[in-house]
Each structure stands twice: as C-alpha cells, then as structure tokens.
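Novice: What follows is a single structure, and I will ask about it in a moment.
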Amino acid sequence: MGPPHAILFVMRMLVGVLLLIAPAFADGIPREEYQARRTQLRKTLDGVLVLFAKADDDLRDYIQEPNFLYLTGWRDPGAVLMMTANEEILFLPLHNRTSEIFYGRVIDPNDKDVFEKTGFNAVLPRSAVETTFLRLIEASPKIYSERGDAQVEKLKGLAPLHEEGSATALVAKLREYKSPAELALIQKASDATVAAHLAAWHAMKAGKSEYEIAAVMTNTYFSLGCERSAYAPIVGSGPNSVILHYSANRRRMDASEVVVMDVAAECGDYAMDVTRTVPVNGKFSARQREIYEIVLGAQKAAIAAVKPGIKAGRGEGTLQQIAYDYINTHGKDSHGAPLGKYFTHGLSHHVGLDVHDPSEPGVELKAGMVITIEPGIYIPEENIGVRIEDTILVTDNGSKILSGGLPKEVEEIERLVGK
Ligand code: GLY
Ligand code: MN
Ligand code: MN
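Here the sequence shown stands for residues 0 to 418, where the numbers follow numbering that gives the first Met the number 0.
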C-alpha cells in the first residue's frame, strides 16, 4: 500500500523545490559537485588552465568534450573555461538569431540569470577570451590545455615562451576517483547493459544477422533511460569473433559459432563496458567450451587479485600478468603451443565519462576507481574468439563487480541462450 495522497503531494512539492534550487546540469550530478571539482583542481593549480568546449559538428550528435563536461556540466558548444588558483571564468557566445533558429536558444553571458544557470560567478562573452588570457598568463608561467586543439593552439600562439602542461593529466587525477553521484550513474548504465545482454541471449538464433542482435541490445538500454551507446556495439560471430573492435555487425550468424557481444550503455554521460561470448545455438562445442573456460578462469584470477595497491598494466605482479600467466598455462593451440600469444590486448582500463577514461600511466589501483577486467583468446585458425569483460569498482578490501548481475558460467549461458 502506498503513502496517503497528502504525503505524496508534500513529497512532490519538496522534490520540485529541490530541483529548483539545485539544478543538475548533466543528469544526476548536482551543481555543487561541479563547483567542488573545480575547487579541488585549483588547490594545486600552478598556472592557467584553458579548456574549449567541443566544436559544433553540425549534423552529427553533439557530445561535450569530457574534461570540459567534468569541470563545468556545460553541454553547449562555443564555451571556454579558464581557471587559475584564484579565479574561474566561463566564456559564452552571445545570442545569435540565425544560429538559434537551427540549434535553439542559448544562455547569453548578459542574461540576468546567467550565474544561476551556469554555477559560475564570473561569466564573460566569448570575445573576452584573448584579453583575459593575456591578463592571467602575466602572473603564471605555465599553461595547461588539451594539446592539438586548433582553438587552443591559436590562443597559445599569444604566449610562445610559456611552459606547457597537459590539462588532461591534471583532470585525470580527479576523474580516476568516482563520487557517489558518478557511481550511481555508472550502476544505472550497468543495470541497463545487463538487461541488454540478457535480451540478446533470449533473441539469439542461427540465421539472424549480427545487427539484429545489436538492435535488441540498444533498444533495451534506450528504453531503460540510457541515451547512447558507450561505444559502437560489437557483435562479432564466427570469423568476426577474433576481430577485437569489429563493429560492422553485418554478418548472418551460423549455428556452430560463438558470438562476441561487446556492447554497453551510456547513461547520464557515464559509460559501461561489458562483453560476453555465447554460442549462437545455445550449446558450446567441446573446443569452444575449453577456450571459454580458460578465459573465464583468467578473468576470475585477475578479479580475485584486485585490491588497492596493485597495478593493472603490464609487468611483474600486475593484473595483466596474472591473466596472461593463467592463459599461457592452460590449454594449447592446434600445434601444441601455449595460448598466451592469442591474448592480444590490454586487460584493463578505467571507465567513466569515457569508456576508456583517462588515468595516470602505471597508476596503482585505489578504492573508488572503476576499471574493466577483460581477458580474451582469439584464434583465427579456429574461428574462435572469446572475450569476457566486466566493469568493477575497486573497494577498500577488493572489488565489487558492477556488472555482476550478468551470468558467465557455461551452464547458465547454455540455459539462457535462445530461450
Ligand atoms: N569496448 C571497448 C573495450 O572493451 O575496451
Ligand atoms: Mn573495455
Ligand atoms: Mn568492451
């Protein structure tokens, strides 16, 4: 039984008031969190940080540049962010009638409610970028920006003698740790992704095309409130199962094949990354099952070793080495050689606003980081490719598998595929 109407009414009013005073720019992240991220970054900022919003690409989806989104929550093109230890300024384009006919009304730096709408105390017109930049760099020897961005390169031409730093590296130090609000969005993306994989297994049938399976998956997470795919869906059957980033998804699937599905949702700008490999007809052959169980064993060994202090990347004692050693000491190819050489990619990467989220090279894992564990074996000669990928949260004592609701034992897969 639900609460009485009067209580429901008061609850709705309260939610309405809260939404009015605490607008979330990007879905689910409160305005205060963006401010806190900027404050944190400015504590150690020893120069001028300049970031440009992603340039508008006309008829393509507009997706904000992730570092810009992370620090501002601002979704529109044409904006610029400048920060020093003491100041943070957002630059916005002025109203433009022609552009607003095509793209809708924008917030102008001279609008009365601009501070409330942006969360910035200092909002200037875009035309003030150069003069403000020249003022700020007078007191700062260093400029932090995204290398290679044409707009940044032009601006840096005004300060050819200044030292250069990477804005991405600075922001990565913050982005490596996920806040509760970020984790809630990542979990939402995970739950929708798990549902998508289960729907694909249910729909799996020899004779269907890979793109039909991709459509079942994307439809599932779109209908669960996720706005995009986190990356181009990969549905690779038979010979395509050995191609790591196959996303043409054009082939008709046959009964005796395995199909690799590396497909995941993005919800409220946060990505998920999940792969499962299943038999098209619901039953692994003996050889497919042997390879599958080696990949699963390697994944379990690596996940069991996740804890703060360990490193993911290559080298002695890393998670990559644990997975490689497992694969290389289990099973053989058709020539009697060990299988390590068929594990042809990295085991892990960070996940967040980007599916391949930035991280410091060689960083030790810490609680609050979100990473994938994704071993694979790809044997072209046998048309067998198997990858198993989960996205996990590093905790104080180990890890939590965020995509753990999706089965991966052989018996469970065989019970669910095609049923
Ligand atoms: N889906 C891309 C990756 O697994 O890294
Ligand atoms: Mn991945
Ligand atoms: Mn993946």
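Don't be surprised by glycine CBs; every beta carbon is placed ideally from N, CA and C.
#1: Go ahead and pull the three-state DSSP assignment for G339.
#2: Would you kindly work out how many angstroms separate the C-alpha atoms of Y176 and A285, rounded to a whole number?
#3: On a CA-only basis, which of E256, S236 and M271 is nearest N248? Give me that one, please.
#4: Might you give, ordered along the chain, the residues of its own chain that have their beta carbon closer than 7 angstroms to the beta carbon of L123, omitting 5 neighbours on each side?
#5: Going by beta carbon distance, what residues of the same chain come within less than 6 angstroms of E408, once the five residues before and after it are set aside?
#6: Quick one, which of I309, V257, V362 and Y269 has its alpha-carbon nearest E413's?
#7: Taking a contact to mean a Cβ-Cβ separation below 9 angstroms, would you say Y143 touches G164 in this structure?
#8: How would you call N239, buried or exposed, if buried means at least 16 neighbouring beta carbons within 10 angstroms?
#9: Start and end of the alpha helix (DSSP H) containing L173?
#10: Is D261 near ligand 1, with its Cβ less than 8 angstroms from a heavy atom?
#11: Give me the DSSP bridge partner(s) of F51.
#12: To the nearest angstrom, how far is the alpha carbon of I290 from that of L401?
#13: Are the segment 255-270 and the segment 182-191 touching by the rule of at least three beta carbon pairs closer than 8 angstroms?
#14: Taking C-alpha atoms, which residue in A205, Y69, G27 and P406 lies nearest to G281?
#15: Based on the DSSP secondary-structure assignment, which residues constitute the bridge partners of P278?
#16: State the CB to CB distance for the pair T217 and M271, rounded to an integer number of angstroms; the pair is presumed to be in contact (CB under 8 angstroms).
#17: Could you give the distance in angstroms between the alpha-carbon of D389 and the alpha-carbon of P357?
#18: Can you name the start and end residues of the beta strand (DSSP E) that I106 belongs to?
Specialist: According to the structure shown:
#1: helix
#2: 42 angstroms
#3: S236
#4: I88, F90, P108 and T131
#5: none
#6: V257
#7: yes
#8: buried
#9: A166 to R174
#10: yes
#11: V79
#12: 25 angstroms
#13: yes
#14: A205
#15: V257
#16: No, T217 and M271 are not in contact; Cβ-Cβ is about 13 angstroms, not under 8 angstroms.
#17: 18 angstroms
#18: Taken as a continuous stretch (DSSP letters only), I106 belongs to no beta strand (DSSP E), as it is neither H nor E.
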